[in-house]
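**Student:**
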Amino acid sequence: MSAETNIAAASLVVALTALLIAGGQLLQAIFGNVPGYRRCAESVIGPWSKLRHRSWRWVEFRYEVEFEAPHFVILPPRIPNIDDHTYDLADQFQDVTGKNENHLRALKDSVAPNNRPTRGRYQAGMGDAEKHDEHYRQDEVLNLAKIVNRNETRVSWLQLLEAVHRTYSAYRPYQSKHSRVGVRSEATTAAVSIRKWSWDFMPVDLLKPLATSTLNNMILFALRLGMQWRRLDLENGIFLADGNGYNLTSLEIRGLGIVFTFKATGAHEEPQLLAPSKAVDKAMFGIISGCKELVRRDFHFVDPWRNLDHHSVFENMGIGDLDLRNKLVAGKWIEQHSDAIILLSSFMPMSGCSLLFTCLPEIRSGAPITPIHYWEGRLSLVESLRDRVEQLDQIDTKHHRSYTALKLVLERFEKLQQPRWWNDFLDVWPESVIEGSSEQKKLELVEECTAIFKWTTDYFHGQLHSSNETGDDATKSYTVPVPDWTESHRGNTRYVQLVAAHCIMVYSAVDHSIANFEQLREESLADERRRRRFDETMLSNRNYEQTCSQFQYHIARRYVACVKDGPDNVVGYLQERGVKWDVEDIEAAWWVMMLRGVTWDMSCVGDPAFRNKRHQWTPELVPSFFYDLQTPVWIT
């Protein structure tokens, strides 16, 4: 071989080596300039790494990294006809995005198989199966695996996905899959949609892919997980929640917005399961979800500074007198606050769902203070109503407009007093159905209360004005809007006006009853007939002298007296504002409203911590305006 050949061969080897080195450098420059691909690895985002990919951009002669991440939302539930609840969140996802096997696989791998909330649905009333399911759920709660940061490099939204799935899936065994469509629309559940992102449009200093949601959803997720909101600083983008072994913090990143970080910091139990409905979601934000038929609006009662704001509630109810509102808000008594919430609210439980906790912030420290809630007050109301009906029996009832209505109200009160609901009517916690373990009995109680509550709604829809009116007004019901006194009162119905009249009366009634308590007590003790009837309806260890809230007994009697008499009576308030109905019509409507309030209060539990010592969880007040705040947020 000649020297020229050797030189040529050596040159070729050098050239090829240089070409390989140059090619390697080119490939390194191309592939090494896509850091987002490494940051979407399985060690960072788990099964979602299978959804990352690089797209070649010929014009720019480079790769663009694209990844996909979940967007957390809250939607009406799909409630499929399946018995396996493991993939509830994935089922909801299909409603949002349609079927995509890669997406479904990533989502299912994120929440299964370690977080199976229950091994199947047991219909209430199935005897041993029901007991087995209840026993299994208790074992699940006691043996929940402690979530730890298995890998500190992983994104925190994977843990949030697991926790949200576990909590919302736990609602399912308590809900009937045969619930009516209208009921389903009032329910809420967690769902996700998949969003595609390009790493090119992420901040330069971003180290991990981000999931997304909205601020109101994140606040609600934290509450449902059993956390407390310690700080809600929208102006500076600082939010802090903790509790039940979880921690949720945020900071504001320039050019991106509010970024949350979720951590499971320790052992946790299943949080108190609140009824999964829109009304309960609103209640957690301090919003009274007004009855759609009779109230037709919501009332916010937590101001931006996290204080109860009954002033605006009373103002929006149509109580325009500032001095009167100040007395109702800042006065010594709070019965009018509790009554306003109960009487304005929509029916909280859902048909086919045995979860009855609602957690209204107003009663976060215990039970509502009102005769509508206390058993002494309820018995006093029924006793007074029975006396009134007996009185009307002695006169010509053909010309008394309220007689038929009062008899119907009394019949429904007696339904609530039947033996199967007796302990619930008396609010005896350990023995009551609402505190018991039988899902079937709870469902039956809900159905009974639902029927009575609906009857009161139908009554107000069909209630006629006095026959001495003329024209179109003669056929208007309590659902008709009142004249627009101010802009804030626009759209209020006659029913809301009736509630306002009641709340004004309540303050005077309570004030009079407390001031004259000893005299009223002595008069009741001297009335042998009343005392004997009271004793006959008590439990064996209770009598008049031993009642735990004798004030409420006398306050309820004063309620009845002040419907037509007294300085702030209900009839006078309405007539001064242009209501021309007969006194008997207003009296009957007030009694129907009392039945409505007692039924509402019997159907749900407003404060889990007060009733259930195991769950010492009573959320701090959250400003009402956050409920509608759709501010986009990121989750690292």
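Add 36 to a position in the sequence shown, counting from 1, and you land on the number used in the numbering used here.
Virtual Cβ for every residue (Gly too), placed ideally from N, Cα, C.
Owing to the predicted nature of the structure, the values given are computational and were not obtained by experimental measurement.
On the three-state DSSP scale, how would you describe K232?
**Tutor:** Three-state DSSP puts K232 in a strand.
**Student:** Give me whichever residues DSSP pairs with S91 in a beta bridge.
**Tutor:** Looking at the DSSP assignment, S91 forms a beta bridge with E100.
**Student:** Along the alpha helix (DSSP H) that carries P71, what are the first and last residues, could you check?
**Tutor:** Unbroken alpha helix (DSSP H) run through P71: P71 to R74.
**Student:** Tell me the residue span of the beta strand (DSSP E) that contains N283.
**Tutor:** That run of the beta strand (DSSP E) goes Y282 to I289.
**Student:** Helix, strand or coil for F296? Go by DSSP, reduced to three states.
**Tutor:** Here F296 sits in strand by DSSP.
**Student:** Give the straight-line distance between the Cα atoms of L360 and L344, rounded to the nearest whole angstrom.
**Tutor:** Spanning the two alpha carbons is a distance of roughly 18 angstroms.
**Student:** Taking 6 angstroms as the limit between beta carbons, can you name the residues of its chain near L270, skipping five residues before and five after?
**Tutor:** Taken in chain order, the list of residues that qualify is empty.
**Student:** In the DSSP output, which residue or residues are listed as bridge partners for R267?
**Tutor:** The partner list for R267 (beta bridge, DSSP) reads L276.
**Student:** To which residues does DSSP link P668 through a beta bridge?
**Tutor:** Answer is T250, bridged to P668.
**Student:** Would the region 287-300 and the region 311-322 be scored as touching if the rule is three or more Cβ pairs under 8 angstroms?
**Tutor:** In short, these stretches do not touch, since the Cβ pair count stays below three.
**Student:** Between which two residues does the alpha helix (DSSP H) carrying D621 extend?
**Tutor:** That run of the alpha helix (DSSP H) goes V619 to M638.
**Student:** Give the C-beta separation of M638 and D460 to the nearest angstrom, bearing in mind that I take them to be a contact with Cβ-Cβ under 8 angstroms.
**Tutor:** Indeed they touch by this definition, with Cβ atoms about 5 angstroms apart.
**Student:** To the nearest angstrom, how far is it from the Cα of A206 to the Cα of T486?
**Tutor:** The alpha-carbon atoms of A206 and T486 are separated by roughly 24 angstroms.
**Student:** Name the residue from L452, Y210, V532 and F393 whose alpha carbon lies nearest to the alpha carbon of R613.
**Tutor:** The option with the nearest alpha carbon to R613 is V532.
**Student:** Taking all protein chains shown into account, decide if L380 is buried (16 or more other Cβ within 10 angstroms of its Cβ) or exposed.
**Tutor:** The residue is buried, with at least 16 neighbouring Cβ atoms inside 10 Å.
**Student:** Helix, strand or coil: which one does DSSP assign to Q211?
**Tutor:** Q211 falls in the strand class under three-state DSSP.
**Student:** My output table needs one value for H171: the three-state DSSP class, helix, strand or coil.
**Tutor:** With a pLDDT of 38 at H171, under the threshold of 50, the predicted position of this residue should be treated as unreliable, though the coordinate-derived value follows. Of the three classes helix, strand and coil, the one that applies to H171 here is helix, per DSSP.
**Student:** Would you call the region 596-606 in contact with the region 541-551, where contact means no fewer than 3 C-beta pairs closer than 8 angstroms?
**Tutor:** Yes, the region 596-606 touches the region 541-551.
**Student:** Can you tell me which of the three DSSP states V596 falls into?
**Tutor:** Note: V596 maps to helix in three-state DSSP.
**Student:** Out of curiosity, what's the CA-to-CA distance linking W352 and H89?
**Tutor:** As written in the sequence, residue 352 is Asn, which differs from the Trp given in the question. Roughly 55 angstroms separates the two Cα atoms.
**Student:** If distances are taken between C-alpha atoms only, which option among R93, S387 and V615 comes closest to K490?
**Tutor:** Nearest C-alpha to K490: S387.
**Student:** Straight-line CA distance for V49 to V240?
**Tutor:** The straight-line gap from Cα to Cα measures roughly 42 angstroms.
**Student:** Taking its Cβ as the centre, do 16 or more other Cβ atoms sit within 10 Å of R93, making it buried, or is it exposed?
**Tutor:** Looking at its Cβ environment, which holds fewer than 16 other Cβ atoms inside 10 Å, R93 is exposed.
**Student:** Leaving out five residues on either side along the sequence, give the residues of the same chain with a beta carbon under 7 angstroms from the beta carbon of I289.
**Tutor:** Closer than 7 angstroms at the Cβ level, and outside the excluded window around I289, lie P239 and V295.
**Student:** Output yes or no for whether 7 angstroms exceeds the beta carbon distance between A105 and P245.
**Tutor:** Yes.
**Student:** In whole angstroms, what separates the C-alpha of R342 from that of P659?
**Tutor:** Answer to the nearest angstrom: the Cα atoms are 5 angstroms apart.
**Student:** Could you name the residues of the same chain whose beta carbon sits closer than 6 angstroms to that of A247, not counting the 5 residues immediately before and after it, in chain order?
**Tutor:** For A247, where only same-chain residues beyond five positions count, the Cβ hits under 6 angstroms are A105, P106, W193 and I671.
**Student:** If L251 sits next to T667, beta carbons under 8 angstroms apart, how far is it from one beta carbon to the other, in whole angstroms?
**Tutor:** About 4 angstroms separates the two Cβ atoms, so the contact holds.
**Student:** For V518, count neighbouring C-beta atoms within 10 Å of its own C-beta (all shown protein chains included) and say buried if the count is 16 or more, exposed if not.
**Tutor:** That one is buried.
**Student:** Have a look at the DSSP bridge pairing and note the partners of S660.
**Tutor:** DSSP lists no partner for S660.
**Student:** List the DSSP bridge partners of I323.
**Tutor:** For I323, which the question treats as bridged, DSSP gives the partners H336.
**Student:** Pick out whichever of N552, Y609 and L446 has its Cα sitting closest to the Cα of Q586.
**Tutor:** The residue with the shortest Cα to Cα distance from Q586 is N552.
**Student:** So D26 is in the alpha helix (DSSP H); what residue range does that whole segment cover?
**Tutor:** An answer regarding residue 26 cannot be provided, because it is not within the stretch 37 to 672 covered by the chain.
**Student:** Rounded to whole angstroms, what is the Cα-Cα separation between G674 and T225?
**Tutor:** Because the chain spans 37 through 672 in this model, residue 674 falls outside it and cannot be assessed.
**Student:** Alpha carbon to alpha carbon, what distance is there between A46 and R98?
**Tutor:** When rounded, the distance between both Cα atoms is 34 angstroms.
**Student:** According to DSSP, is C395 part of a helix, a strand, or is it coil?
**Tutor:** Here C395 sits in coil by DSSP.
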